[in-house]
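Participant: Going by the working numbering, the first residue of the sequence shown is number 5, and it counts up by one from there. Beta carbons: idealized from backbone N, C-alpha and C, even for Gly.
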Amino acid sequence: MNTKLKIIQGDITQLTVDAIVNAANTSLLGGGGVDGAIHRAGGPAILEDCQKIRARQGGCETGEAVITTAGKLPSNYVIHTVGPVWQNTDPNEMDRLLSSCYTNSLAIAKSKNLKTIAFPNISTGIYDFPKDRAAKVAIAAVRQFLKTTSTLEEVIFVCFDKENYDLYVNHLNEDL
Ligand code: AR6
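1. Could you say which of LEU33, LEU9, ALA41 lies nearest to ASP15 if we only look at CA atoms?
2. Which residues mark the beginning and the end of the alpha helix (DSSP H) in which LEU171 is found?
3. DSSP state of THR152, grouped into three classes?
4. Using a strict less-than 6 Å threshold between each residue's beta carbon and the heavy atoms of ligand 1, what residues do you get?
5. Starting from the Cα of VAL82, find the closest Cα among THR93, ALA122, GLY62 and give me that residue.
6. Relative to the C-alpha of CYS64, which candidate in LEU77, ALA27, LEU19, HIS43 has its C-alpha closest?
7. Near PHE133, what residues of its chain come up, given a Cβ to Cβ distance below 6 Å and the 5 sequence neighbours on each side ignored?
8. Would you list, in sequence order, the uninterrupted beta strand (DSSP E) runs of no fewer than 3 residues that lie entirely inside the stretch 73-148?
9. Would a C-beta distance cut-off of 9 Å place ASP53 and THR66 closer than the cut-off?
10. Is it the case that the stretch 31-46 contacts the stretch 95-106, given that we only count it when at least three CB pairs across the two stretches are under 8 Å?
11. Quick one: residues in its chain with C-beta nearer than 6 Å to the C-beta of ALA144, no 5 flanking neighbours on either side, listed in chain order?
12. Between ILE11, GLU158, SER31, SER79, which lies nearest to LEU51 when the distance is taken from Cα to Cα?
13. Measure the C-alpha to C-alpha separation of SER104 and ASP22 and round it to an integer number of angstroms.
14. With distances taken between CB atoms, is the gap from THR120 to GLU68 smaller than 9 Å?
15. Here's a check: name, in chain order, each residue in its chain whose Cβ is nearer than 6 Å to the Cβ of PHE161, leaving out the five neighbours to either side.
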């Protein structure tokens with residue numbers, strides 16, 4: 005596996021990569037957090053594409069992913085995925101859905117021959133997924149997927165807060 009895994013702390017809207025991933029909701033109509041930041045910075049073209057997807061398939065299910073233009077953002081595409089809203093009652097199902105977000109986003113990137121993709125820490129904000137658990141799921145899902153492809157050159161985990169950044173650094177090192 006030659007794909008580089010990278011961790012940075014910062015604002016995902018500033019990155020110049022083939023695709024950034026958005027932590028969206030099932031409506032695809034925008035919201036707060038990273039979703040709000042991406043729509044604000046990318047402009048109305050992103051929402052227009054989301055509306056077309058809604059007309060075609062009625063939104064995006066939890067764990068699934070769709071792709072749109074990135075509008076005015078420096079990246080080429082936005083891949084929108086919908087993380088699970090954390091519930092204590094079924095943690096394994098939470099893990100499965102979160103893992104699917106990463107896998108399905110990477111599958112879209114692979115199908116378009118994209119070389120670089122950046123992920124936010126899906127579900128760890130408004131959706132309240134425990135950060136440590138989410139970091140482990142994210143790293144495992146990406147590592148597993150990368151065994152199946154050689155087209156991706158770099159996968160970047162973009163951590164907005166220091167807590168997530170430290171968790172990712174620790175888990176990535178300890179799993180090597
Ligand atoms: N760049 C990178 N990461 C960011 C940025 C940014 N500009 N802004 C926030 N984060 P959240 P969720 C981090 O709440 O938990 C929306 O309303 C943030 O610190 O954006 O999946 C959607 O429409 C956190 O670590 O997404 C949905 O309704 C991570 O991004 C709902 O929120 C995810 O936090 C989705 O909730």
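Facilitator: Per the coordinate set shown:
1. With distances taken between Cα atoms, ASP15 lies closest to ALA41.
2. 166-178 is the extent of the alpha helix (DSSP H) around LEU171.
3. DSSP, reduced to helix, strand and coil, places THR152 outside both helices and strands of the structure shown, so it counts as coil.
4. A residue is listed when its beta-carbon falls short of 6 Å from at least one non-hydrogen atom of ligand 1; in chain order these are ASP15, ILE16, THR17, ALA27, ALA28, ASN29, GLY35, GLY36, GLY37, VAL38, ASP39, ALA41, GLY87, PRO124, ASN125, ILE126, SER127, THR128, GLY129, ILE130, TYR131, VAL162, PHE164, ASP165, ASN168.
5. Closest by alpha carbon: ALA122.
6. CYS64 has its Cα closest to that of ALA27, out of LEU77, ALA27, LEU19, HIS43.
7. Apart from sequence neighbours up to five positions away, the residues of its chain that approach PHE133 with a beta-carbon distance below 6 Å are TRP90, SER127, ordered along the chain.
8. Counting whole runs of 3 or more residues, the stretch 73-148 contains the beta strand (DSSP E) stretches 81-86, 120-123.
9. Going by C-beta atoms, ASP53 is not nearer than 9 Å to THR66.
10. Counting Cβ pairs under 8 Å, fewer than three are found: no touch.
11. Contacts found: none.
12. Minimum Cα distance to LEU51 is reached at SER31.
13. Between the C-alpha atoms of SER104 and ASP22 there is a straight-line separation of about 20 Å.
14. For THR120 and GLU68, no; Cβs fall outside 9 Å.
15. These residues qualify, in order along the chain: ILE11, PHE123, TYR172.
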